[in-house]
Each structure stands twice: as C-alpha cells, then as structure tokens.
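Protein chains in written order, with the numbering used here: chain A, -18 to 99; chain B, -18 to 99.
Each remark here refers to the structure printed beneath this line.
Number of protein chains: 2
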Amino acid sequence: MRDILTNGQFRVNGSLWLEGNGTRFFGPGPVELLQRIEETGSINQAAKKMGMSYKKAWEIVNRLNEIVGSPLVVTATGGEKGGGSSISDDAKQLIEWYLSLRERFRKFMEEESLKLTV
Amino acid sequence: MRDILTNGQFRVNGSLWLEGNGTRFFGPGPVELLQRIEETGSINQAAKKMGMSYKKAWEIVNRLNEIVGSPLVVTATGGEKGGGSSISDDAKQLIEWYLSLRERFRKFMEEESLKLTV
DNA sequence: AAGCGTTATGTACGCAAAGATATAACGTGA
DNA sequence: TCACGTTATATCTTTGCGTACATAACGCTT
C-alpha cells in the first residue's frame, strides 16, 4: 500500500445489509423506500420518487413483510384517497437501527481510507 | 430491534471494495482472480477455476492494470507453455492488505450481528 | 514447418432482471 | 352510480450483462 495507493485518489467503500435465513432483504434501497412511504403515505408515490417501478417497490415491501414476522408496511385499498400505505413502529425502529449502523460503518470505512493516505 | 430481530435468524452482512476516481475496481472477485492467477500462472486457467469466462477475467485484469498505475498482472504471449501470466509484488501486497481489511470488516459485522441477539 | 496453449479482441447469443402495460378490486366522496 | 387514486397481480417487452464462439498473433518445442 505504502507505495501503490498512497496518492489520495483511492478510497474504501462498501455496503451493508441485513440477512434473514441466508438471503439479503434489508439494505439501502428498502430503507429509502420505507422512508419515502412514510413521507408520502403511498407505495406508488414512493416508488416514483425513487425512479422505481411500482411493481418493484411492491415486491420489496412484500418481501419485507414476509421475512420479518411483523408487518413493516400496512396497506389499504379504497377509501378517501383511493387507499394508501404507512409504516409500522417496528419499521421506524428498524430504520433508526440501520441508520446508526450505517454511521458506524461509515466511520469504519473512513478510518480504513485514511490508512491509505499515510 | 429488541423486539423484532432478536430471534437468531438475522445477521448483518456486507461487502467492501476499493474505489479509484469514483468507480469500484477492487473487491472479492478481483482478489480471488489474482490469487488464482498466482496459483496457475494463467489468466485462462484462473478464469476456468472460478467458472468465469476468459474475456471477463481479462477485462478485470485490464481494468486493474489501468486504474492502478503499476501493472498488477504481467502477461506474456507465446513461449514454452504458450504464454502465461504472473502477478507483481504490488499485487501481492494489495491482496494482503485486502485480506487484513476484510478480517477487520468481518469482526465489525460479527459484533453488529451479536447486538441483534441481545 | 507444424503444433501447442496462451494472450488479445470482436461479435453474436441467451437469459434473468427490470420496466412497461393492462386489468381488477376496493372504499370514500361527489 | 360514477369517478378517483390506490393496492394487487398477470403478462409482455426490453435491456444489460455474461457467456459462447471465432479469430489472430505470439514464441517455444518437436
């Protein structure tokens, strides 16, 4: 390293996610989707804000609810605004946990990147 | 968390890589490829051992050499065994560095996973 | 000269993931 | 009763990535 990567153009980056029975199901994408659902009250609008198809968004929501026992997103069809979705308290906890984890991860990567420049 | 993910079926996992001028170029795949090239003395055989096409392997090698200034893989055409490839000392250093980084990362994830079970 | 296994490179094919589109059901409000 | 926006779901199309295949050059061996 001392010779190869010490010019500041290199850095360590990475990704973290949560696995349930071996398969990845909760990472940056689902986190943002949950946040947008909370904001907009709608899977449809959340998907649009992320430039994602409704189908993809729905599949993510569906898998989240399947793998985690308790429903993270609760949906309703029909009604005042045609329906809508909101996220559960469990989902809010999960988001908080992931964000703090990501912050620790960010520091980890920052430290490792710093080692490169020494 | 305390309520949602405390049954031991969930764990934190992730991936780490090295970026040069914004683009990912060095992660688990390239590391293994370099190791296999060192073992076999051939990009071709290394690719086969990894179930990867030669073309893909060559593209990885090519990008590695491009992004890192010094050549990590030195190749030769023709000759006794038709040619072959070997990895430079810089490449060996890079592999060592990545493996130690990955070990620290593994511990990080292990600790974070442990927090889930508490 | 001919053969071998390799590097190096272009092109064509397949497949899986993602997107686009269509449709039904729902419940409130006008 | 109809319109609306949403969830829910099936089907068709597209697109991007990797593989497969083909070919040339190379240099040592026989």
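Every residue, glycine too, gets a C-beta built ideally from N, C-alpha and C.
First and last residue of the beta strand (DSSP E) that includes A:Gly10? Bounds of any beta strand (DSSP E) do not take in A:Gly10; it lies within the alpha helix (DSSP H) bounded by 9 to 21.
Listed by chain order, chain B residues near A:Ser81 by CB distance under 7 angstroms: By Cβ distance, chain B contributes nothing, its closest Cβ being about 10 angstroms from A:Ser81, past 7 angstroms.
Measuring CB to CB, does A:Leu14 end up less than 8 angstroms from A:Ala38? Cβ atoms of A:Leu14 and A:Ala38: closer than 8 angstroms.
Do we get a CB-CB distance below 8 angstroms when we pair B:Arg(-8) with the residues of chain A? Yes, B:Arg(-8) lies at the interface with chain A (some Cβ there is under 8 angstroms from its Cβ).
To be precise: take each residue of the segment 8 to 34 of chain B, compare its Cβ to all Cβ atoms of chain A, and keep it if any distance is under 8 angstroms. Which residues remain? For the segment 8 to 34 of chain B, there are no residues whose beta carbon sits under 8 angstroms from a beta carbon of chain A.
Proximal chain A residues relative to B:Ser(-4), where beta-carbon distance stays under 7 angstroms: Per Cβ cutoff of 7 angstroms: Gly(-5), Ser(-4).
Distance between B:Lys62 and B:Lys96 (C-alpha atoms, nearest Å): Each residue's CA atom was taken as its position, placing B:Lys96 and B:Lys62 some 54 angstroms apart.
Counting contacts by CB-CB distance shorter than 8 angstroms, is A:Ile(-15) in contact with chain B? By this cut-off, A:Ile(-15) is an interface position.
Have a look at A:Asn2, A:Ser66, A:Val99 and flag the residue whose alpha-carbon is nearest the alpha-carbon of B:Leu(-14). It is A:Asn2 whose Cα lies nearest to the Cα of B:Leu(-14).
Between A:Gly104 and chain B, is there a C-beta pair that is closer than 8 angstroms? There is simply no residue 104 of chain A to check, as chain A begins at -18 and stops at 99 in what is shown.
Beta strand (DSSP E) segment containing B:Glu0, residue limits: Segment -9 to 1, the beta strand (DSSP E) holding B:Glu0.
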